[in-house]
Structures are given as structure tokens and as C-alpha cells.
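What follows is one structure encoded as C-alpha cells, with my remarks underneath.
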Amino acid sequence: MLAKRIIPCLDVKDGRTVKGINFVNLRDAGDPVELGKAYSEQGADELVFLDIAATHEGRKTFTDMVSRVAAAISIPFTVGGGIHELADVARLLEAGADKVSLNSAAIRNPQLVNEIASHFGSQVCVAAIDARCDADGWYCYVNGGRIRVERTLFDWAREVADRGAGEILFTSMDHDGVKQGFPNEALARLSDELSIPVIASGGAGAKEHFADAFRLGHADAALAASVFHFGEIKIPELKQYLHNEGICVRL
Amino acid sequence: MKVAVVKYNAGNICSVINALHRIGVEPVVTDDPAVLAAADRVIFPGQGEASNTMAYLRQSGLDAVIRNLKQPVLGICIGQQLLCAHSEEGDTPCLGVFGSKVQRFPVSCAEGRVKIPQIGWNTIEQLKTPLFQGLKEGDFVYFVHSFYVPDCAEAVARTTYGGVTYASALRCGNFYATQFHPEKSGDVGLRILHNFIHLCHD
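For the record, the sequence lines run as chains A and B.
Under the numbering used here, the first residue of the first sequence is numbered 395, with each subsequent residue one higher.
Under the numbering used here, the first residue of the second sequence is numbered 2, with each subsequent residue one higher.
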């Protein structure tokens with residue numbers, strides 16, 4: 395049976411992870427390689443690293459880091475941030491990434507999704523969507539959630555799926571960072587309407603929230619950052635809990 | 002021990018090389034028939050589309066080279082599918098090392114809509130051959146695929162998805178193949194690669 399995936403996400407700037415990370419037994423908690431290995435050993439099903447650097451030099455450092463992380467882990471590895479054209483994707487895949495996630499760039503240049511799918515295959519392309527439930531419905535936002543675009547979440551998700559995205563990574567801006575759970579109703583609608591996997595992102599504060607995202611939100615995977623980084627939820631305990639709840643996970 | 006990885010137009014093989022490094026193997030990546038024929042082990046990896054990759058193999062003459070290999074060969078993902086007789090993807094005649102015909106997952110099953118591709122960790126069962134030595138029934142490995150090999154006599158592992166129990170690994174003589182990606186399947190996958198490298202072969 396296909397397992398539900400648990401995915402930690404790390405923000406990286408200039409080759410270092412940004413948020414304080416609270417792992418024991420780490421020589422260097424800011425080192426993405428050490429953290430990637432630690433999460434892999436804890437049973438993470440996949441890793442996502444997002445480059446939040448804005449400079450050319452930062453991008454180069456990120457690519458070097460991707461090579462080092464890829465050499466150290468043997469689980470799927472997704473990277474995002476700073477991807478604007480096919481050459482960016484080629485560079486990251488050559489460095490050892492398995493997938494790339496696209497956010498604002500896909501909305502600005504939807505054809506990029508088609509190009510990635512036809513050059514490298516749909517499995518490489520994760521379409522990340524930030525959306526908010528406004529008074530007139532769920533709308534997409536770009537630039538780190540600052541600018542609303544006149545695309546509804548559901549229309550845009552269907553379009554990127556049709557263009558060849560392999561997975562949808564959906565973050566609700568209302569839920570992200572609030573730790574009150576995932577937007578299960580919207581998730582379920584996305585998951586039921588689309589024929590590609592949906593990753594829930596943003597909102598996890600307790601183990602129960604993950605179970606809800608899978609059972610109520612029909613999510614195929616759930617991604618979180620701070621609850622893992624600060625050790626508030628430990629991946630082995632979370633997976634054991636989900637298993638006890640009758641949810642299929644890789645133990 | 003010389004390990005060769007077949008170089009052709011199928012996706013990125015970086016992760017296969019990284020995984021081999023992790024088990025202490027330094028592979029040579031090549032499309033040179035002489036180097037492939039002389040290797041102790043050959044890995045035929047990749048991600049891609051069947052008709053394009055087969056067309057490339059035929060044009061380059063690699064089709065006959067691969068078919069005639071005598072040492073242990075491991076096909077991975079599209080590598081497994083290309084070793085079969087035919088693929089529904091692009092209605093493509095393939096290498097014919099295995100007798101199977103590759104099919105697309107059904108769009109729906111008794112449990113409802115089937116998400117395609119299958120992406121993620123699924124279990125392997127009914128494990129046969131030394132390739133899986135040290136593994137447990139129901140161990141998880143990582144899959145990404147839309148097409149599958151139906152269950153058959155050459156199956157040495159089985160997996161269920163979309164209401165279908167299919168052959169997630171095959172063996173025929175010196176040819177082995179997995180639909181899943183051992184190079185992305187954590188310690189279980191590294192063990193499979195290790196087993197392949199250390200197969201007894203005469």
C-alpha cells in the first residue's frame with residue numbers, strides 16, 4: 395500500500411539553514427548536510443530545501459549545497475527558490491536534486507511548467523501554490539504571499555496539473571505558522587479534483603493535524619518546518635502515531 | 002569490480018551514482034559497447050518516455066549491446082520497462098529480454114480515482130532472488146511511475162497500486178530489474194544495490 399509521506403522543509407540562505415534548529419547530536423545545526431542526514435535517519439520520506447537567498451552568489455552556494463546534500467542522503471530530494479527558466483532546473487538536477495518546486499515563477503510564466511515536464515518529466519515538477527481564503531473565495535498569491543493574483547486556487551491547480559506538474563504543494567496563508575491544523579476542506583477538494591498527488595503544507599501544530607490532513611484532507615503527503623526543527627514533533631513518534639491511527643506510513 | 006552505468010537519453014542518473022558511491026562503488030558512466038561488455042556489472046537506470054528512449058537506443062546500437070550482455074544487469078524504472086517486450090507508452094516495441102507488456106495504470110479502481118503517476122513509498126512483497134537478501138516482506142521502496150509490468154512468471158517482487166498487483170521487480174537469467182528506485186529508497190535501497198553488486202555469478 396502506498397504510504398502517506400512526511401516531509402520536513404528547510405529554508406536555506408547562503409548555504410546555511412536559516413531558522414534555529416533544535417536537534418541533539420548535531421555538530422553544526424546550521425549545516426544543511428548534517429540536517430538532511432539527521433532527518434533522513436529519523437525516517438523523513440523526502441526532503442525539501444528552499445533557497446531564500448536573493449543574490450547570484452547565494453544561488454551558486456545553494457547549488458553547491460544541493461550537491462553535498464544529494465551525496466549524503468538517498469531519499470527523494472526537492473529544491474525550490476530562484477527557479478525562473480529551464481537552465482535553473484537543469485543546474486539543480488545536475489547537482490543531484492530529484493524534483494524542483496516552482497511558485498511565483500509558474501504563475502508568471504505558466505509555459506515553464508510545460509517545458510519542465512517535457513524536458514525532464516512531470517515527476518520533476520512540483521507546483522507550489524500559496525493561497526488565501528478571501529471573502530470571494532480561495533485566491534493565489536505570489537511574492538511570498540504579498541500580491542494577490544486573479545486566479546482561484548482550484549482553477550490554477552487544475553491548470554498546472556494539465557500543463558504537466560507532477561505534484562501540487564498547497565500552502566494556505568491563513569493556516570501557515572498558526573499551528574492550528576491544515577485547511578482540510580480545501581485540501582480534500584483539491585485532492586479529489588486532481589489526478590496528481592497533493593502535498594499539504596503549513597499549519598501543523600500537533601500530531602493530530604497530520605492525521606486530519608490525510609483522513610479529512612485526503613492529502614498524499616504533509617510538509618512542515620518549525621514543528622520538526624524545534625523538536626516539537628519528532629518524526630519517528632509522529633509516524634508511530636499515524637500507524638497506530640491506521641494510516642499507512644513507512645516505519 | 003567494474004560497474005558500468007549505461008549512458009543514454011533517460012533523465013538524470015546523478016542519484017544512481019551518488020548511491021553507488023555510498024556503498025563504496027565508483028562506476029563508469031558509458032555508452033561504449035566495449036566498456037559495457039567488459040564490465041562486471043551493468044546498471045541500466047533512468048526516467049523517461051518509452052518511445053523516445055527506445056528510438057535513441059536503436060539509433061545508437063545500444064539495443065543489441067544491452068540485449069547481449071552476459072554479466073548481471075540491473076534495469077531501474079524506465080530501464081525495467083525498456084527491457085520488456087513492449088510498452089503501451091507510445092505503443093513501443095522494446096528490448097524483449099523479459100516477455101511482459103508494459104501497461105498504463107487504470108484511471109480508476111474499486112477505491113475510486115487512481116492518482117497517476119504513483120509517487121511515493123510502497124511495499125514490496127513475495128520477494129525472491131538474492132537481490133532482496135536481508136530485506137523483509139513489506140519493506141518500503143520509492144516509486145515514481147505511470148506504467149507498470151503486469152504480474153508474471155518472471156516477477157521476483159510484487160506491489161499493489163490502483164487496484165492492481167503488479168511485478169515491481171523481474172528476473173530472467175542474468176537480467177534483473179526494479180520498477181522502484183533503489184537509489185532513492187534509503188537503507189533498503191542501498192542494500193538492494195549492494196546485493197546486486199555482490200551477486201554470485203558464474
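Each residue gets a CB set at the ideal place from its N, CA and C atoms; glycine is no exception.
Residue 108 of chain B (DSSP reduced to helix, strand or coil): coil
So residue 480 of chain A packs on residue 450 of chain A, CB below 8 Å; how close in whole Å? Actually they are not in contact, since the Cβ atoms of residue 480 of chain A and residue 450 of chain A sit about 18 Å apart, beyond 8 Å.
Helix, strand or coil at residue 166 of chain B [DSSP, three-state]: strand
List, in chain order, every chain A residue whose beta-carbon is nearer than 8 Å to that of residue 19 of chain B. 464, 465, 468 and 490
One or two residues paired with residue 123 of chain B in a DSSP bridge: B:142
Examine the Cβ distances between the region 85-96 of chain B and the region 125-140 of chain B and report whether three or more of them are shorter than 8 Å. no
To the nearest angstrom, report how far apart residue 502 of chain A and residue 534 of chain A are at their CA atoms. 12 Å
Terminal residues of the alpha helix (DSSP H) in which residue 52 of chain B lies: 51-61
Boundaries (first-last residue) of the beta strand (DSSP E) holding residue 179 of chain B: 176-179
Can you name the residues that DSSP bridges to residue 149 of chain B? B:104
Anyone know if the C-beta pair for residue 499 of chain A and residue 464 of chain A falls short of 8 Å? no
Cβ distance (whole Å) where residue 475 of chain A is taken to contact residue 445 of chain A below 8 Å: 3 Å
For residue 113 of chain B, three-class secondary structure by DSSP: strand
Please report how far the alpha carbon of residue 51 of chain B lies from the alpha carbon of residue 79 of chain B, in whole angstroms. 7 Å
Taking the alpha helix (DSSP H) that residue 502 of chain A belongs to, which residues open and close that run? 498-502
Suppose contacts are defined by Cβ-Cβ distances below 8 Å. Is residue 24 of chain B in contact with residue 6 of chain B by that definition? no
Mind checking which residues open and close the beta strand (DSSP E) that includes residue 407 of chain A? 399-407
Residues in the region 134-160 of chain B with C-beta within 7 Å of chain A's C-beta atoms, listed in sequence order? 141, 143 and 145
Under a Cβ-count criterion, where at least 16 other Cβ atoms within 10 Å of its own Cβ denotes burial, should residue 49 of chain B be classed as buried or exposed? buried
Assigned exposure category for residue 633 of chain A - 16 Cβ within 10 Å defines buried: buried
Do you know offhand how far residue 516 of chain A's Cα is from residue 624 of chain A's? 33 Å
Leaving aside the five residues before and after residue 606 of chain A along the sequence, list all residues of the same chain whose C-beta is less than 8 Å from its C-beta, in chain order. 575, 576 and 578
Supposed contact pair residue 68 of chain B and residue 43 of chain B - C-beta distance, whole angstroms, cut 8 Å: Going by Cβ atoms, the distance from residue 43 of chain B to residue 68 of chain B rounds to 12 Å, so no, they are not a contact pair.
Roughly how many angstroms lie between the CA atoms of residue 562 of chain A and residue 609 of chain A, to the nearest whole one? 18 Å
Within the region 506-589 of chain A, note down every full alpha helix (DSSP H) run reaching 4 residues or more, in order along the chain. 547-557 and 578-587
Local Cβ density within 10 Å of residue 621 of chain A, reported as buried at 16 or more and exposed below that: buried
Whole angstroms are fine: how far does the CA of residue 410 of chain A sit from the CA of residue 178 of chain B? 39 Å
Contacts of residue 395 of chain A in chain B (Cβ-Cβ under 8 Å): 123, 124 and 161
Cutting at 6 Å between CB atoms, please list the residues of its own chain near residue 76 of chain B, excluding the five before and the five after it. 45, 84 and 178
Using a 10 Å radius around the Cβ and a threshold of 16 neighbouring Cβ atoms, would you call residue 495 of chain A buried or exposed? buried
Return helix, strand or coil for residue 77 of chain B, following the three-state DSSP convention. strand
What is the C-beta distance between residue 146 of chain B and residue 183 of chain B, in whole angstroms, given that I count them as a contact (C-beta under 8 Å)? Actually they do not touch by this definition, with Cβ atoms about 14 Å apart.
Taking the alpha carbon of residue 536 of chain A as the reference point, which residue from A:616, A:545 and A:396 has its own alpha carbon closest? A:545
Could you tell me whether any Cβ in chain A is nearer than 8 Å to the Cβ of residue 71 of chain B? no
Which residue from B:162, B:136 and B:103 puts its Cα closest to that of residue 113 of chain B? B:162
What residues of chain A sit near residue 117 of chain B, judged by a beta carbon separation below 7 Å? 589
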